[in-house]
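Everything below concerns the one structure shown next.
Residue numbers (this note's numbering): 18 to 678.
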């Protein structure tokens with residue numbers, strides 16, 4: 018007979034074992050639920066890109082004769098903008114047909130296949146699955162019409178020569194013909210296109226020696242044929258090679274945590290660090306862009322390129338003798354003809370003949386005559402109606418004032434000339450006072466412009482130089498030898514400035530306090546990495562790359578900046594090859610690169626009363642690593658990235674998610 022206590026103990030043990038089995042099984046179900054569901058709102062996301070399961074012909078096939086390529090995938094796919102994203106090399110003169118069809122992509126080449134040639138079809142990241150938009154990544158299909166497939170690669174970066182920003186979507190290509198004329202006369206041999214970071218990889222390259230070019234191919238002929246095309250060129254030649262190498266691959270547990278780091282062997286293709294700086298040549302072909310009369314008092318004429326010989330206007334329905342005050346832009350590519358006579362201003366249509374210089378098909382300037390009708394954007398009747406409404410509104414206001422027995426005006430006021438003065442109350446010691454007029458002046462009486470300085474409690478006349486600014490018709494400035502910490506008064510008498518329509522300025526007065534030297538920092542750049550004879554211009558920039566100040570490198574290779582307000586700045590320099598003080602672009606036929614541009618690679622913080630000296634080796638870093646990331650402007654090119662939602666979800670659940678390979 019069994020001991021009842023033993024029976025109870027056995028039952029207790031059995032119940033305990035059963036409890037643990039049930040608990041373990043339930044935990045396993047919960048874990049599996051987490052692994053498969055991830056969260057109460059559904060299962061795991063599909064974050065796997067489509068997989069290539071075959072093709073006709075096979076990838077890297079040789080002896081190919083067919084111009085039709087079909088690539089098969091394990092799921093339904095879509096192809097984003099193949100015209101822009103897919104590039105065939107060697108370049109195709111006739112656009113191939115490229116389309117997604119369910120679970121396959123069909124490419125039909127239209128050009129005749131070249132013998133013994135390796136062809137590459139670079140899809141970049143244009144292929145993705147149909148449901149979740151997971152990109153396949155940088156996928157390239159390769160085949161050869163000969164007995165072997167060329168597998169070498171060349172890679173690098175294309176930057177804007179003017180500001181070192183990466184250029185996306187620009188063609189980069191190779192020539193085995195090393196003559197300069199090849200870029201003008203032959204299509205590129207092998208091509209690629211830069212991504213959003215300006216990076217390119219040219220694949221399917223055969224052994225040999227090459228020159229490399231970048232081209233913004235406006236007319237799709239794969240050669241430099243128009244000045245409007247941005248280009249980059251180099252006299253360096255490259256011999257592509259490959260060798261085994263090792264790299265470290267980081268395996269991420271999720272977007273924040275590293276799971277492991279492993280050594281991976283791979284084939285390293287050289288060169289892989291080519292940097293090209295692209296520029297657009299100055300448009301020297303002269304042609305008429307447009308004429309317009311947005312405002313009734315002026316006719317504006319715009320050309321593609323300026324010329325010292327200005328157009329001549331001969332009136333057809335008005336007398337054009339002495340009818341205009343002519344204003345030009347600095348480059349003389351836009352001209353404004355201000356109408357002197359208000360009767361002409363009130364005339365809705367002005368017909369005239371314009372004689373001007375234009376470039377013919379041979380590149381020579383010839384005289385051309387156009388007949389033009391300049392219509393005022395706002396007709397005279399409508400302008401008069403607006404003025405009448407303004408007058409009636411003024412009358413109502415004055416009548417209300419009269420009835421309330423308040424002071425009122427009995428004479429309709431004449432609108433004054435609205436002059437814009439730039440005379441801040443807190444003045445930097447190195448700044449000037451600027452005056453901008455809305456219309457050309459007929460009277461500019463400098464005796465009616467005054468500047469006074471305060472010494473103790475008395476005001477004294479202060480000296481200044483009044484001059485036209487940058488030879489512009491309506492812009493002037495007062496150059497003053499300011500004394501830091503001193504108070505000034507800038508004053509303009511009424512009617513000191515009168516425009517060609519008789520409008521006079523009102524009196525103006527502005528108190529000015531010049532800041533003290535304790536309000537500023539002084540900044541010096543000690544520059545190396547350039548020839549002693551080089552003329553270097555250094556520019557201090559804000560975060561939007563606006564030029565705050567500019568300095569020329571002195572004989573001791575320093576570039577000083579005085580009166581620098583406290584703040585955060587950046588710096589850019591360029592080699593002023595022709596000594597004109599401005600950055601100049603390049604010219605291919607003259608074998609001239611754009612003037613070299615460099616960036617100080619870190620931001621600069623200045624504080625009041627501090628003197629800062631910074632050493633700057635212009636060539637201390639490769640060009641593609643110089644520009645601070647805060648300033649780099651990537652073009653608005655959509656770069657689709659692999660989603661990592663499952664890893665993020667697994668991290669929140671405290672489990673490891675391993676993505677299938």
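Backbone N, C-alpha and C fix where the C-beta goes; we use that ideal spot for every residue, glycine too.
- Counting the other CB atoms within 10 Å of its CB gives residue 220 a total of 16 or more, which places it among the buried residues.
- With fewer than 16 other beta carbons inside 10 angstroms of its own, residue 378 counts as exposed.
- In this structure, DSSP gives residue 401 a helical state, which the three-state scheme calls helix.
- When rounded, the separation of the alpha-carbon atoms in residue 182 and residue 592 is 18 Å.
- Taking C-beta separations shorter than 6 Å and ignoring five residues to either side along the sequence, the partners of residue 497 in its chain run 481, following chain order.
- Runs of the alpha helix (DSSP H) spanning 4 or more residues and lying entirely within the segment 448-524 do not occur at all.
- The secondary-structure analysis by DSSP pairs residue 114 across a beta bridge with 125.
- Taken atom to atom, the span from the alpha-carbon of residue 371 to that of residue 136 is near 54 Å.
- In the structure shown, residue 223 adopts coil according to DSSP, grouped into three states.
- Taking C-beta atoms as the reference points, residue 432 and residue 520 count as a pair closer than 8 Å.
- Excluding sequence positions up to five before and after residue 235, its CB lies within less than 8 Å of the CB of 243, 245, 246, all in the same chain and listed in chain order.
- For residue 577, the uninterrupted beta strand (DSSP E) run begins and ends at 575-581, by DSSP.
- Nearest neighbour of residue 157 by Cα position, chosen from 115, 104, 339, turns out to be 104.
- Within the DSSP secondary-structure output, residue 86 pairs in a beta bridge with 124.
- Under the three-state reduction of DSSP output, residue 611 falls in the coil class, being neither helix nor strand.
- It is roughly 17 Å from the alpha-carbon of residue 238 to the alpha-carbon of residue 197.
- Runs of the beta strand (DSSP E) spanning 3 or more residues and lying entirely within the segment 333-395 occur at 341-345, 351-356, 366-376, 382-392, in chain order.
- A residue is called buried when at least 16 other Cβ atoms come within 10 angstroms of its Cβ; residue 205 meets this threshold and is buried.
- The DSSP-derived three-state label of residue 169 is strand.
- Using a 10 angstroms sphere on the CB of residue 139, the tally of other CB atoms reaches 16 or more, which defines it as buried.
- A buried status is given to residue 444, since no fewer than 16 other beta-carbon atoms sit within 10 Å of its beta-carbon.
- Contact check for residue 222 against residue 207 passes: the beta carbons are separated by less than 8 Å.
- Its chain contains 84, 85, 113, 114 as the residues whose beta carbon lies nearer than 7 Å to that of residue 125, once the 5 sequence neighbours on both sides are disregarded; these appear in chain order.
- Counting along the chain, the unbroken beta strand (DSSP E) around residue 437 starts and ends at 437-439.
- Taking a contact as a CB-CB distance under 8 Å, the pair residue 492 and residue 451 counts as one, their CB atoms being some 7 Å apart.
- Nearest in C-alpha terms to residue 616, of all of 602, 647, 625, is 647.
- Excluding sequence positions up to five before and after residue 292, its CB lies within less than 7 Å of the CB of 173, 174, 176, 639, 640, 641, all in the same chain and listed in chain order.
- A straight-line Cα-Cα distance of about 21 Å links residue 582 and residue 645.
- Measuring C-alpha to C-alpha distances from residue 286 to each of 301, 258, 278 identifies 258 as the nearest.
- Between the alpha carbons of residue 618 and residue 539 lies a distance of about 19 Å.
- In the displayed model, residue 103 falls within coil according to three-state DSSP, outside both helix and strand.
- If you look at residue 279, you'll find it in the beta strand (DSSP E) that goes 275-287.
- Across the set 202, 297, 341, the C-alpha of 341 shows the shortest separation from the C-alpha of residue 313.
- Taking the C-beta atoms as reference points, residue 585 is found nearer than 8 Å to residue 560.
- Restricting attention to 151, 634, 448, 574, the CA atom closest to the CA of residue 550 is found in 574.
- About 6 Å separates the CB atoms of residue 141 and residue 155; that is less than 8 Å, so the two are in contact.
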